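Peer 1: Chains as they are written, first to last, in the working numbering: chain D, 39 to 175; chain U, 39 to 175; chain G, 39 to 175.
Even for Gly, the Cβ is constructed at its ideal location relative to N, Cα and C.
Note that the structure is a prediction, hence the values are computed from the model and not measured.
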Amino acid sequence: MKYHTEYLWFNTKNHREYINITNEIDKILKTSNVKEGIVLVSAMHITAGVYINDAESGLIQDIDEWLECIAPFDINYNHHMTGETNGDSHLKSLMIGHEVIIPITDGKLDLGPWQQIYYAEFDGQRKKRLIVKVMGD
Amino acid sequence: MKYHTEYLWFNTKNHREYINITNEIDKILKTSNVKEGIVLVSAMHITAGVYINDAESGLIQDIDEWLECIAPFDINYNHHMTGETNGDSHLKSLMIGHEVIIPITDGKLDLGPWQQIYYAEFDGQRKKRLIVKVMGD
Amino acid sequence: MKYHTEYLWFNTKNHREYINITNEIDKILKTSNVKEGIVLVSAMHITAGVYINDAESGLIQDIDEWLECIAPFDINYNHHMTGETNGDSHLKSLMIGHEVIIPITDGKLDLGPWQQIYYAEFDGQRKKRLIVKVMGD
Chain D
39 MKYHTEYLWF
49 NTKNHREYIN
59 ITNEIDKILK
69 TSNVKEGIVL
79 VSAMHITAGV
89 YINDAESGLI
99 QDIDEWLECI
109 APFDINYNHH
119 MTGETNGDSH
129 LKSLMIGHEV
139 IIPITDGKLD
149 LGPWQQIYYA
159 EFDGQRKKRL
169 IVKVMGD
Chain U
39 MKYHTEYLWF
49 NTKNHREYIN
59 ITNEIDKILK
69 TSNVKEGIVL
79 VSAMHITAGV
89 YINDAESGLI
99 QDIDEWLECI
109 APFDINYNHH
119 MTGETNGDSH
129 LKSLMIGHEV
139 IIPITDGKLD
149 LGPWQQIYYA
159 EFDGQRKKRL
169 IVKVMGD
Chain G
39 MKYHTEYLWF
49 NTKNHREYIN
59 ITNEIDKILK
69 TSNVKEGIVL
79 VSAMHITAGV
89 YINDAESGLI
99 QDIDEWLECI
109 APFDINYNHH
119 MTGETNGDSH
129 LKSLMIGHEV
139 IIPITDGKLD
149 LGPWQQIYYA
159 EFDGQRKKRL
169 IVKVMGD
């Protein structure tokens with residue numbers, strides 16, 4: 039059993055941002071030399087997410103508007119009593135999820151034709167980290 | 039370490055459909071002969087989901103109505119500028135999630151008494167695929 | 039490859055409750071003696087959830103109010119035709135998710151500085167179970 043762990047760092051220009059990390063995960067898989075197994079991709083911050091969906095700019099805008107509608111910025115959240123202003127970012131993270139598991143078959147990410155892996159930043163403009171752990175043979 | 043991978047195909051009659059796949063996953067587990075480990079069940083399309091909940095028809099109707107309320111069909115999504123009409127299907131997929139990991143103990147899916155595994159189709163009437171990967175000993 | 043499985047039981051005082059189980063998961067990891075791998079933490083009931091986020095009481099209240107807003111208690115759900123009254127609990131479980139996978143590196147839960155593991159009860163005051171499965175070397 040092989041284990042290979044890497045950390046990716048992000049520091050986005052915008053408060054919210056959606057970054058396609060499929061190529062980075064693919065490179066890490068190749069480095070690991072694992073042919074059969076899984077890769078866990080998990081945000082290490084509680085105001086960010088990881089999800090799998092389409093690399094289509096209109097849809098990404100839809101996702102952003104939808105999350106903003108369901109968990110709006112600048113509402114008077116209880117969390118803001120601490121001095122924080124990012125209550126919405128926590129809820130957006132819970133909504134979209136913070137981790138995905140991708141199957142590895144024949145040395146490749148076994149994704150469908152349109153599946154792309156995204157890092158979703160909901161409270162950016164600071165350094166944040168994501169863990170990628172490959173497990174298999 | 040054993041790895042056993044199968045793909046399930048779906049081509050639903052309806053635009054949206056919820057299909058109990060617990061028995062299929064159980065059969066795949068038996069074929070794999072894995073006694074201890076995990077099984078990953080993951081939709082390979084970005085307008086479908088996989089979730090675990092109750093096999094009760096009223097609740098399934100509630101889930102469908104709830105998802106339709108939160109991510110309605112036929113809204114003027116930005117994604118539709120591409121000619122697609124399934125913006126809601128993507129959001130429903132993100133809402134419900136596209137994958138589950140089920141523990142395997144003593145050669146069985148280690149589920150609670152009411153936990154059933156569902157494939158959720160949000161843009162059906164076409165061929166779609168799901169991956170099942172069993173890992174363990 | 040080592041496998042270590044434990045079950046945690048809950049019987050909450052309140053109908054809805056959010057319980058930090060990070061220390062319990064950490065203890066189980068130490069018992070397993072796994073240094074590299076993953077731990078699956080998964081609710082075995084369909085009206086409970088498991089998520090990772092902040093241990094801040096205001097935010098926990100925000101999460102509870104947010105879930106109640108999106109999937110309100112005591113609505114006339116179809117599920118209630120069975121005599122049940124917990125339709126909202128099922129939807130809240132689907133919203134927050136019922137499982138997380140935590141990476142293990144150097145014998146530790148490889149979590150970010152603010153990541154805490156929570157059991158979310160949405161229909162409590164009865165005995166419920168959660169599975170913790172550690173896999174690795």
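Please specify which runs of the beta strand (DSSP E), each continuous and at least 3 residues long, are wholly inside the segment 39-100 of chain U, giving them in chain order.
Peer 2: Runs of the beta strand (DSSP E) inside the segment 39-100 of chain U: 40-48, 55-58, 75-81, 86-91.
Peer 1: Mark Ile113(D) as exposed unless 16 or more other C-beta atoms lie within 10 angstroms of its C-beta, in which case mark it buried.
Peer 2: Numbered from 1 along the first sequence, position 75 holds the residue referred to as residue 113(D). Counting Cβ neighbours within 10 Å, Ile113(D) comes out exposed, since fewer than 16 surround it.
Peer 1: With a threshold of 7 Å between beta carbons, is Leu97(G) in contact with chain D?
Peer 2: For the purposes of this step, residue 97(G) is taken as the residue at position 59 of the third sequence. By this cut-off, Leu97(G) is an interface position.
Peer 1: If you draw a straight line from the alpha carbon of Val88(G) to that of Leu132(G), how long is it in whole angstroms?
Peer 2: As a position in the third sequence, residue 88(G) is number 50, starting the count at 1. As a position in the third sequence, residue 132(G) is number 94, starting the count at 1. If I take the Cα positions, the gap works out to 10 Å.
Peer 1: Could you spell out the range, first to last residue, of the beta strand (DSSP E) harbouring Gly174(G)?
Peer 2: Here the question's residue 174(G) lines up with position 136 in the third sequence. Gly174(G) -> beta strand (DSSP E) spans 166-174.
Peer 1: Alpha carbon to alpha carbon, how far is Gly150(U) from Ile63(G)?
Peer 2: The residue labelled residue 150(U) in the question sits at position 112 within the second sequence. The residue labelled residue 63(G) in the question sits at position 25 within the third sequence. Gly150(U) and Ile63(G): Cα-Cα distance of roughly 19 Å.
Peer 1: With DSSP run on the structure shown, which of helix, strand or coil describes Ile108(D)?
Peer 2: Locating residue 108(D) in the first sequence gives position 70, where the first residue counts as 1. Reduced to three states, the DSSP call for Ile108(D) is helix.
Peer 1: Sorted by chain position, which residues of the same chain lie with C-beta nearer than 8 Å to Gly135(U)'s C-beta, five sequence neighbours on each side aside?
Peer 2: The sequence position of residue 135(U) within the second sequence is 97, counting from 1. Excluding positions up to five away in sequence, the list reads Gly87, Val88, Tyr89.
Peer 1: Report back the beta-carbon spacing between Leu46(U) and Ile142(U) to the nearest angstrom; my notes put them in contact at under 8 Å.
Peer 2: Within the second sequence, the letter at position 8 stands for residue 46(U). Within the second sequence, the letter at position 104 stands for residue 142(U). The Cβ separation is near 18 Å, so there is no contact.
Peer 1: Please report whether the beta-carbon of Leu78(D) lies at a distance below 7 Å from any beta-carbon of chain G.
Peer 2: Here residue 78(D) refers to the residue found at position 40 of the first sequence. Yes, its Cβ sits closer than 7 Å to a Cβ of chain G.
Peer 1: Within the continuous alpha helix (DSSP H) that includes Ile134(U), where are the two ends?
Peer 2: In the second sequence, counting from the first residue as 1, residue 134(U) sits at position 96. Counting along the chain, the alpha helix (DSSP H) containing Ile134(U) begins and ends at 125-134.
Peer 1: Between which two residues does the beta strand (DSSP E) holding Ile139(G) run?
Peer 2: Along the third sequence, read from residue 1 onward, the residue named residue 139(G) stands at position 101. Looking at the DSSP string, the run of the beta strand (DSSP E) that includes Ile139(G) is 137-143.
Peer 1: What are the boundary residues of the beta strand (DSSP E) that Glu122(U) is part of?
Peer 2: Taking the first residue of the second sequence as position 1, residue 122(U) is located at position 84. First-last for Glu122(U): undefined, no H or E at that position.
Peer 1: Per DSSP, what are the beta-bridge partners of Gln154(D) in this structure?
Peer 2: As a position in the first sequence, residue 154(D) is number 116, starting the count at 1. Beta-bridge pairing links Gln154(D) to Asn91(D).
Peer 1: Between the C-alpha atoms of Val140(D) and Asp175(U), what's the straight-line distance to the nearest angstrom?
Peer 2: Residue numbering aside, residue 140(D) sits at position 102 when the first sequence is read from its first letter. Residue numbering aside, residue 175(U) sits at position 137 when the second sequence is read from its first letter. The sequence shown places Ile at residue 140(D), rather than the Val named in the question. Their backbone Cα atoms lie some 20 Å apart in a straight line.
Peer 1: Report the rounded CA-to-CA distance for Glu159(G) versus Lys73(G), giving the unit in angstroms.
Peer 2: Counting from 1 along the third sequence, the entry for residue 159(G) is found at position 121. Counting from 1 along the third sequence, the entry for residue 73(G) is found at position 35. For Glu159(G) and Lys73(G), the distance between alpha carbons rounds to 30 Å.
Peer 1: How many angstroms separate the CA atom of Arg164(G) from the CA atom of Ile57(U)?
Peer 2: Counting from 1 along the third sequence, the entry for residue 164(G) is found at position 126. Counting from 1 along the second sequence, the entry for residue 57(U) is found at position 19. Roughly 29 Å separates the two Cα atoms.
Peer 1: What in chain D is Cβ-close to Asp64(G), meaning under 7 Å?
Peer 2: Position 26 of the third sequence, counting from 1, holds the residue named residue 64(G). Those within 7 Å of Asp64(G) in chain D number zero; the least Cβ separation is about 16 Å.
Peer 1: Less than 7 Å between the beta carbons of Lys171(D) and Thr69(D), yes or no?
Peer 2: Residue 171(D) sits at position 133 when you count from the first residue of the first sequence. Residue 69(D) sits at position 31 when you count from the first residue of the first sequence. No, they are not a contact pair.
Peer 1: I want to verify the contact list: residues of chain D whose CB lies under 8 Å from the CB of Gly145(G), in sequence order.
Peer 2: Taking the third sequence and counting its residues from 1, one reaches residue 145(G) at position 107. Per Cβ cutoff of 8 Å: no residues; Gly145(G) is ~12 Å from chain D at best.
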